[in-house]
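Counting in the numbering used here, the sequence shown tops out at residue 1322, every number present.
Ideal Cβ placement from N, Cα and C applies to all residues, glycine included.
Scroll down for the structure; my scribbles are underneath it.
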Amino acid sequence: MIVLDCSAAVEIARDSAEGRALAGLMHEDETIVAPSLLLVEASNVAFKYFRAGLLDRAGALALLEDSLALVDGFADMAVLAREALGESMRLGHPAYDLFYLVLARRLGATLFTLDKGLLSLCEECGVDTVHELPTDGE
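Here is the structure:
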């Protein structure tokens, strides 16, 4: 099972070198989940690409749809909130990222992220992550 964060979902949807490397590590029948926070974060990323002139409206919507289509199921943030806040305070790290870490830990899943700070926290907390990604030189 994989927990997918926004950085990973967007790069897979964009078909970047890092995204292709992550996608290559997914098994066809593997379940992919994310906290419902991904809906908000991916929407915001698509908006930022639109605002920067990197995507038109249709492209921004497609980026959002492609990012969300990677996920088989969304975990309710209300169920994760107390634990995420507790870990946030304990680790001194923003709560946003801790929703992904807590979900991966609860499920015994591998967290796919490109966020170096979150990768470091996962290592510290014993949560399985993908560490180094071979890319095709992009």
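Review point. DSSP on alanine 1310, reduced to helix/strand/coil?
Key: What you label residue 1310 is simply residue 126 of the sequence shown in a count that begins at 1. Checking the displayed sequence, the identity of residue 1310 turns out to be glycine instead of alanine. Residue state, collapsed to three classes: coil.
Review point. Would leucine 1252 pass as a contact of leucine 1223 if the rule is Cβ separation under 9 Å?
Key: In the sequence shown, the residue the question calls residue 1252 occupies position 68. In the sequence shown, the residue the question calls residue 1223 occupies position 39. In this structure, leucine 1223 lies closer than 9 Å to leucine 1252 by Cβ.
Point to revise | Span separating the alpha-carbon of alanine 1230 from that of leucine 1287 | key: Against the sequence shown, residue 1230 aligns to sequence position 46. Against the sequence shown, residue 1287 aligns to sequence position 103. So the two alpha carbons sit approximately 24 Å from each other.
Exercise for review: Mark glutamate 1225 as exposed unless 16 or more other C-beta atoms lie within 10 angstroms of its C-beta, in which case mark it buried.
Suggested key: If you number the sequence shown from 1, residue 1225 lands on position 41. In summary, glutamate 1225 is buried, with 16 or more beta-carbon neighbours lying within 10 Å of its beta-carbon over all protein chains present.
Practice item. Enumerate in chain order the residues of its own chain whose CB-to-CB distance from tyrosine 1233 is below 7 Å, with the five nearest sequence positions on each side excluded. Key: Here residue 1233 is taken as the residue at index 49 of the sequence shown, counted from 1. The residues are Leu1239, Ala1244, Leu1247.
Point to revise | Residue of Met1210, Pro1278, Ala1242 minimising C-alpha distance to aspartate 1256 | key: Translated into the one-based positions of the sequence shown, residue 1256 becomes position 72. Of the listed residues, the one whose Cα sits closest to aspartate 1256 is Met1210.
Exercise for review: Any chance you could list the alpha helix (DSSP H) runs of at least 4 consecutive residues sitting entirely within the stretch 1224 to 1276, in chain order?
Suggested key: The DSSP assignment places complete alpha helix (DSSP H) segments of no fewer than 4 residues inside the stretch 1224 to 1276 at 1241 to 1253, 1261 to 1275, in order along the chain.
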